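Okay, structure first, notes after.
Residue numbers (the UniProt record's numbering): 1 to 381.
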């Protein structure tokens with residue numbers, strides 16, 4: 001659930017000398033935060049099929065409740081906003097150089113869609129790259145329109161999204177049933193082969209792709225919100241940027257976290273929490289990260305987050321690969337052995353996060369960008 005992803009910023013970031021460190025840190029935080037939600041899918045008895053069968057993403061444990069409160073939907077929203085920021089950077093670059101827009105960006109989006117399709121089929125059913133690619137093309141065309149037209153599209157998308165979430169919430173409240181374990185699905189993830197999982201994803205492709213379809217208006221809204229935040233100077237280090245981030249932190253955390261905490265007590269509010277409240281909290285997280293980046297001394301953790309942000313697309317793919325190897329039967333099969341233990345998911349998240357942070361830092365000592373980003377640039381030259 002690029003991810004990611006930070007893929008759009010990767011596809012058209014400004015040159016290294018003009019990079020904004022805060023954006024890189026935010027991308028790194030978003031990658032680790034997205035893993036904080038997805039890792040529960042890998043560790044669950046039904047694997048990535050759990051949500052389709054009606055099982056809670058983070059289970060019923062105390063650790064699960066904390067992860068759901070802090071991570072569920074928040075970092076996916078952050079990743080989406082940052083994708084919009086990347087699109088705004090590319091549009092500004094095209095304008096300055098007098099290039100036609102969207103121009104070659106169609107090819108970037110098509111390549112991203114192909115990457116997402118491969119990622120979905122071979123590795124992770126809840127891939128975000130395919131949905132981001134489609135949304136990017138839509139928003140890219142909107143950027144050619146007037147500010148008024150973009151604003152209208154943004155709030156129309158938000159209104160449509162709220163209506164859809166309301167209908168889905170009402171439907172699940174009226175017709176919701178307690179989920180029943182499915183031994184066949186459990187066997188696919190606990191002891192099945194990698195190819196059996198691929199076939200399972202293909203057989204249920206529409207069901208697994210339902211999230212980006214239903215949330216398409218939300219994706220459009222968050223993309224345009226990212227554009228708006230970038231143009232307003234929200235990520236700059238000047239006084240205006242600090243004021244904007246302070247407001248984001250105040251409203252996002254002051255309003256969003258209490259609402260999110262209340263929603264946890266009502267299972268029927270799951271969609272409202274993940275797709276309406278979580279984006280509000282996400283704005284608070286952006287402000288909080290900005291606050292910390294300015295006040296915390298730059299050390300190994302901050303440098304590693306920046307490195308992960310610069311290799312965000314690679315990090316998004318790698319985290320899902322590592323989680324698959326660790327949890328599924330064709331790999332180490334740890335989910336079947338330890339998935340019921342309270343410590344397993346937090347430890348797995350910490351271990352994969354450490355690999356991503358250290359790996360990104362070491363990789364960039366020799367190369368200028370991540371392997372997936374490198375492949376993208378090579379093909380699209």
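We put the CB at the ideal spot given by N, CA and C, even for glycine. Source: prediction; values computed, not measured.
Whole-number beta carbon distance between residue j and residue i, since they are thought to touch under 8 Å
i: residue 160; j: residue 132; result: That pair is no contact at about 18 Å.
i: residue 260; j: residue 281; result: 6 Å
i: residue 309; j: residue 25; result: 6 Å
i: residue 235; j: residue 76; result: With 8 Å as the limit, residue 235 and residue 76 do not qualify as a contact, their Cβ atoms being about 19 Å apart.
i: residue 179; j: residue 53; result: 5 Å
i: residue 172; j: residue 273; result: Not really, about 12 Å apart at Cβ, beyond 8 Å.
i: residue 324; j: residue 361; result: With 8 Å as the limit, residue 324 and residue 361 do not qualify as a contact, their Cβ atoms being about 23 Å apart.
i: residue 348; j: residue 66; result: In fact, because the Cβ distance is near 15 Å, the residues do not count as touching under 8 Å.
i: residue 49; j: residue 185; result: 5 Å
Close Cβ partners of residue i (< 7 Å) along its chain, the five nearest in sequence each way excluded
i: residue 8; result: Because the pLDDT of residue 8 is 41, which lies under 50, any placement of that residue in the model is unreliable, and the number read from its coordinates should be weighed accordingly. Cβ neighbours of residue 8 beyond the five flanking positions: 83, 86, 87, 132 and 136.
i: residue 322; result: 352 and 355
i: residue 338; result: 344
i: residue 221; result: 154, 157, 158 and 161
i: residue 375; result: none
i: residue 372; result: 313, 314 and 317
Where the alpha helix (DSSP H) through residue i begins and ends
i: residue 72; result: Element bounds for residue 72: n/a, residue is neither H nor E.
i: residue 361; result: 344-363
i: residue 337; result: 334-338
i: residue 208; result: 205-208
i: residue 371; result: 371-379
i: residue 251; result: 239-263
i: residue 108; result: 105-122
i: residue 37; result: 21-43
i: residue 187; result: 183-190
i: residue 294; result: 278-295
i: residue 231; result: 216-232
i: residue 143; result: From DSSP, residue 143 is part of no alpha helix (DSSP H); its letter is neither H nor E.
i: residue 301; result: 300-310
Any non-hydrogen atom of the ligand SAM within 8 Å of residue i CB
i: residue 256; result: With respect to small molecules bound, the structure shown includes none, and the ligand SAM cannot be examined in it.
Check whether residue i and residue j have beta carbons under 9 Å apart
i: residue 34; j: residue 57; result: no
i: residue 69; j: residue 257; result: yes
i: residue 315; j: residue 31; result: yes
i: residue 275; j: residue 225; result: no
i: residue 210; j: residue 197; result: no
i: residue 101; j: residue 144; result: yes
i: residue 335; j: residue 55; result: no
i: residue 244; j: residue 164; result: no
i: residue 233; j: residue 328; result: no
i: residue 250; j: residue 287; result: yes
i: residue 208; j: residue 270; result: no
i: residue 293; j: residue 21; result: yes
Cβ neighbours of residue i in the same chain (closer than 6 Å, five flanking residues each side left out)
i: residue 223; result: 84, 135 and 139
i: residue 13; result: The predicted position of residue 13 is uncertain, since its pLDDT is 42 and thus under 50; a value taken from the coordinates is nonetheless stated next. Counting only Cβ-Cβ distances below 6 Å, and skipping sequence neighbours, we find nothing.
i: residue 94; result: 101
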